[in-house]
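Presented below is the structure to which this report refers.
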Amino acid sequence: MNPDMGPVLAIDFGTTTSSAALIDGEQIRLLPEPVSGGYAWPSAVYWDGERMLVGTLAERRKRADPNSYAVEFKRGLKGDRPMPQGDRTFRPIEQAASVLTALRMEAERMHGGQITRALVTVPASYGPDDIRRPQMIAAAEAAGFSTVELLPEPVAAAYAPIPGPTFLPGELILIYDLGGGTFDTALMRVGAEGPEVLGHDAIDDCGGRNIDALLANRIQNDGEEWLAPLIASVVTAPGTPAALRLSMALADFAQRIKHQLSDVESVEDYLMPTTPAYELDRSQLALLAEAVLERTVRCCADLLARHKVHPDTISAILLVGGGSRMPAAAEALTRAFNRPLRRVDEPELATVQGAARWLTRSGPRLITSSADSSRTVPLSFTLPGGGGQLLRWFVSPGDTYPVGWPLARVRLPSGAVWDLTSSVPGTVERLLVPAGDAVASQQWLALSRP
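Numbering (the numbering used here), first residue to last: 90 to 539.
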């Protein structure tokens, strides 16, 4: 049977927004959300009693019944504890699967056929033994993908299209990726064949939403007098729909203020038509965000120190992630490192664009068997990283295969997916390891006769 080597959906599943790109051969197409038309899908879900609404559909319904709405569930993947949502409870892995399912269905509609393979980016903080890695794979599998590959977000960002002069071979680039819920950084060396990631680090509880929360708290304190009647109406019943609606309104208003200050020096906006104007300028927001941004700067400095790289040897700092639009982020980096700053056109799409470009440039990932004999022999393979998980067999006992034919597919500890091939033609006599089992390098996986 010919293995499924068709289109792949690259997915950046984020804490606050998600995006995807369909890769079909060398063609890359970003996936627009059907409702908004934008490429950033809100990572939000709403249970209407019969089905799970995703993205903008969920955002539009959230105030109808705030208890049926959920967001930031990516942060709950580690514990994966069921949480009430409407008249049911859902685990974060189920909520994530709902978002991934919506992405797959829209990609299949756009492609006109089935898509079974996904490349999902994950924060660098998801180390090899982190439970969130198999949780993310399980969510993607539940969404209908039979083959799921993982790629660290800073590695993907290293491949993002960067406007301006081309980096020269040998140059060192620091990647600064501030998303809605997490922060990632990576040290990259430009090579003749593409970027080489020397190391990366992350903070998995630091992002734009943390700044939104600080700003919402400030707005509530500043507007204590005119907010008092609203607060008084709900303070005696926290957790009620009215209290949740007020909290949502403040959070949305804070985010709107923050986004405006990325484009203008000062803002005057209204929480509600009957409330006074709220005014804020960039310097006030920068002071509010200082502690959050300082954590990201320290993370970058620690990464450079571990690799014994002096900031002066960095050619540029590449800013990606929606949070990097804040002028305060650029100012903090300039103060700390005094290096040139480079940006992508749409920083919130840098990770998914880079993941798609990485996939098209990664070449054939094939591992050839070490068997080369004229008699019945065991098939074994040298696996990078020393082992992995056998995802599936493409052959059955009795099948004959030519040289280079994919026999099986494995996922390595890094999350990368490779296919196993034979160095000689042969016929499968027996499979020794079932799909789903862990395998080691040079372990006998099958018996074959050339």
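No residue lacks a Cβ here, since even glycine has one placed at the ideal position from N, Cα and C.
| Asked | Found |
| --- | --- |
| Taking HIS289 as part of the beta strand (DSSP E), name the residues at either end of that continuous run. | 283 to 292 |
| Under 7 Å between the Cβ atoms of ALA245 and PRO284? | no |
| What does the Cβ neighbour count give for GLU148, buried or exposed, with the cut at 16 atoms within 10 Å? | buried |
| Which of the three DSSP states, helix, strand or coil, is assigned to VAL398? | coil |
| Less than 8 Å between the CB atoms is what I'm expecting for PRO250 and GLN442, so what's the real figure, rounded? | 6 Å |
| Thinking MET225 and LEU239 are a contact (beta carbons under 8 Å), I'd like their distance in whole angstroms, please. | 7 Å |
| Please report whether the beta-carbon of GLY138 lies at a distance below 7 Å from any beta-carbon of chain B. | Checking the listed chains, one finds no chain B in this structure; it contains a single protein chain. |
| Counting Cβ pairs, one atom from each stretch, are 3 or more of them under 8 Å apart for the region 343 to 363 and the region 389 to 404? | no |
| Which first and last residues belong to the alpha helix (DSSP H) in which GLY138 is found? | Where GLY138 is concerned, there is no enclosing alpha helix (DSSP H), given that its DSSP letter is neither H nor E. |
| What number of angstroms, rounded off, separates the C-alpha of ALA232 from the C-alpha of GLY168? | 20 Å |
| Less than 8 Å between the CB atoms is what I'm expecting for GLY175 and SER187, so what's the real figure, rounded? | About 13 Å separates the two Cβ atoms, so there is no contact after all. |
| List the DSSP bridge partners of TRP130. | SER107 |
| Out of VAL466, LEU392, ASN310, ILE262, state which residue places its alpha-carbon closest to the alpha-carbon of GLU518. | VAL466 |
| Based on DSSP bridge pairs, tell me the residues matched to SER372. | Answer is none; SER372 lacks a bridge partner. |
| Using the rule of at least 16 other Cβ atoms within 10 Å of the residue's Cβ for burial, across every protein chain shown, is LEU369 buried or exposed? | buried |
| Thinking C-beta only, is VAL484 closer than 7 Å to LEU496? | yes |
| For HIS200 and ASP113, which I take to be in contact (beta-carbon distance under 8 Å), what is that distance rounded to the nearest angstrom? | 7 Å |
| Please list the segments of the beta strand (DSSP E) lying wholly inside the region 382 to 442, counting only runs of 3 or more residues, in order along the chain. | 403 to 409, 430 to 432 |
| If you drop the 5 nearest sequence neighbours on each side, which residues of the same chain put their C-beta closer than 6 Å to that of ALA196? | LEU98, LEU111, LEU120, ILE204 |
| Measure how close the beta-carbons of PRO514 and GLY474 come, nearest whole angstrom, since I'm counting them as under 8 Å. | Contact flag wrong, Cβ pair sits at about 28 Å. |
| Classify GLY268: buried if its beta carbon has 16 or more other beta carbons within 10 angstroms, exposed otherwise. | buried |
| LEU374: buried (16+ other C-beta within 10 angstroms of its C-beta) or exposed? | buried |
| Would DSSP call LEU166 helix, strand or coil? | coil |
| To which residues of the same chain is VAL286 closer than 6 Å at the C-beta, ignoring the five residues directly before and after it? | VAL244, ALA247, ALA275, MET277 |
| Taking DSSP's pairing of strands, which residues face TYR490 in a bridge? | GLY515 |
| Is the CB-CB distance between CYS388 and ASP290 below 7 Å? | yes |
| Mind checking which residues open and close the alpha helix (DSSP H) that includes LEU304? | 297 to 311 |
| Around the Cβ of GLU115, are there at least 16 other Cβ atoms within 10 angstroms (buried) or fewer (exposed)? | exposed |
| Measuring alpha carbon to alpha carbon, tell me which residue in THR402, ALA417, LEU407 is nearest LEU382. | ALA417 |
| Would you call ILE100 buried or exposed, if buried means 16 or more other Cβ atoms sit within 10 Å of its Cβ? | buried |
| How would you label THR178, buried or exposed, when you count the other beta carbons within 10 angstroms and need 16 or more for buried? | exposed |
| Give the straight-line distance between the Cα atoms of SER351 and PRO131, rounded to the nearest whole angstrom. | 20 Å |
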